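J.: First residue of the sequence shown: 1, per UniProt numbering; consecutive thereafter. Even for Gly, the Cβ is constructed at its ideal location relative to N, Cα and C. All values reported here derive from a predicted model rather than from experimental measurement.
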Amino acid sequence: MALSEQEKMLLGLPHNPYDETLSSMRKRTKQLLFQLNYQLSPSQQEERLQLLQQLLGSYGKNLHINPPFFCDYGSHIDVGDNFFANCNCTILDNGKVTIGNNVMFAPNVSLYTVGHPLDPELRQQGFEHTKPIVIEDNVWIGGNSVILGGVTIGKNAVIGAGSVVTKDIPANSLAVGNPCRVLRQITEQDRLDYQQWLASAI
Numbered sequence: 001m002a003l004s005e006q007e008k009m010l011l012g013l014p015h016n017p018y019d020e021t022l023s024s025m026r027k028r029t030k031q032l033l034f035q036l037n038y039q040l041s042p043s044q045q046e047e048r049l050q051l052l053q054q055l056l057g058s059y060g061k062n063l064h065i066n067p068p069f070f071c072d073y074g075s076h077i078d079v080g081d082n083f084f085a086n087c088n089c090t091i092l093d094n095g096k097v098t099i100g101n102n103v104m105f106a107p108n109v110s111l112y113t114v115g116h117p118l119d120p121e122l123r124q125q126g127f128e129h130t131k132p133i134v135i136e137d138n139v140w141i142g143g144n145s146v147i148l149g150g151v152t153i154g155k156n157a158v159i160g161a162g163s164v165v166t167k168d169i170p171a172n173s174l175a176v177g178n179p180c181r182v183l184r185q186i187t188e189q190d191r192l193d194y195q196q197w198l199a200s201a202i
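Dropping the structure here:
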């Protein structure tokens with residue numbers, strides 16, 4: 001039995017994004033995003049949460065995404081507990097996006113799972129392909145960072161502002177830059193230094 005275009009998309013195979021089913025899914029998502037971003041007042045927190053729950057594939061406790069928020073499908077995004085995304089988060093979730101517990105996004109963080117052919121003639125025909133993104137527990141991603149498809153960011157990692165992440169980042173790493181590179185490991189000394197600073201402020 002032939003694979004559907006959605007199945008091809010989620011498997012990372014070349015596919016036609018203008019397929020009727022995929023187009024219908026994106027239209028639904030656009031309508032929900034329009035309500036979320038432009039029709040709700042800041043005081044309508046419960047209504048905002050309900051729309052996010054309709055958008056996402058799965059979600060944990062204490063979900064918080066500041067509008068405006070943008071995605072292609074929403075249903076291919078799974079987030080854990082205590083997820084926070086600041087304004088202008090963009091997730092092109094043509095491929096699967098998995099986000100762990102206690103993850104924080106600063107403003108203007110973008111995740112791109114979708115790619116196009118390098119050959120211009122094939123690109124004009126509209127073909128796309130995808131690679132998944134995995135962000136493990138306790139990750140903090142700085143503002144204006146871009147995460148490309150195929151990347152896994154390990155638990156407890158911190159990505160500096162303005163980074164373009166093209167390759168996997170190991171757990172417990174401080175990484176920054178374009179392309180993003182590991183500067184050093186995050187250690188117990190980082191905790192001790194901050195606790196000392198905190199004590200001096202009390």
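(1) Looking at the strands, I want to know which residues DSSP matches up with Leu111.
(2) Pull up the DSSP beta-bridge partners for Thr81, would you.
(3) Applying the 10 Å Cβ sphere with the 16-neighbour rule, what's the burial state of Lys167?
(4) I'd like to confirm the pairing. Which residues does DSSP put opposite Cys71 in its beta bridges?
(5) Does the pairing of the stretch 57 to 67 with the stretch 82 to 89 give three or more beta-carbon distances under 8 Å?
(6) By DSSP, does Met1 sit in helix, in strand, or in coil?
(7) Between the C-alpha atoms of Pro107 and Ile65, what's the straight-line distance to the nearest angstrom?
(8) List the whole-angstrom C-beta distance separating Val182 from Ser173, where the pair is believed to meet the contact cut-off of C-beta under 8 Å.
(9) Measuring straight from C-alpha to C-alpha, what distance separates Arg191 and Val103?
(10) Output the residue ranges of the alpha helix (DSSP H) runs that lie fully inside the UniProt domain "Maltose/galactoside acetyltransferase" (6 to 61) and measure 4 residues or longer, sorted by chain position.
(11) Looking at the secondary structure, which residues open and close the beta strand (DSSP E) in which Gln189 lies?
(12) Is it buried or exposed for Asn94, if we count other Cβ within 10 angstroms and need 16 for buried?
(13) Would the stretch 125 to 134 count as touching the stretch 1 to 16 if we require 3 or more Cβ pairs under 8 Å?
(14) Would you report the Cα separation of Tyr73 and Arg184, rounded to the nearest angstrom?
(15) State the Cα-Cα distance for the pair Glu5 and Tyr194, rounded to the nearest angstrom.
T.: For this structure:
(1) According to DSSP, which records beta bridges pairwise, Leu111 is partnered with Ile91 and Ile147.
(2) According to the sequence shown, residue 81 is Asp rather than Thr. In the DSSP output, where bridge partners are listed per residue, Asp81 has none listed.
(3) Exposed: under 16 other Cβ atoms inside 10 Å.
(4) Cys71 has Ile91 as its beta-bridge partners, per DSSP.
(5) Segments in contact, yes.
(6) In the three-state reduction of the DSSP assignment, Met1 falls in the coil class, being assigned neither a helical nor a strand state.
(7) Those two C-alpha atoms are separated by around 10 Å.
(8) With a Cβ gap of about 5 Å, Val182 and Ser173 count as contacting.
(9) If you draw a straight line from the Cα of Arg191 to the Cα of Val103, it comes to about 18 Å.
(10) With a minimum length of 4 residues, the continuous alpha helix (DSSP H) runs that stay inside the UniProt domain "Maltose/galactoside acetyltransferase" (6 to 61) are 20 to 34 and 45 to 55.
(11) Per DSSP, Gln189 is not a residue of any beta strand (DSSP E); the alpha helix (DSSP H) it occupies stretches across Glu188 to Ser200.
(12) Flag for Asn94 reads buried.
(13) Segments in contact, yes.
(14) Near 36 Å, if we compare the C-alpha coordinates of Arg184 and Tyr73.
(15) Computed Cα separation, rounded: 50 Å.
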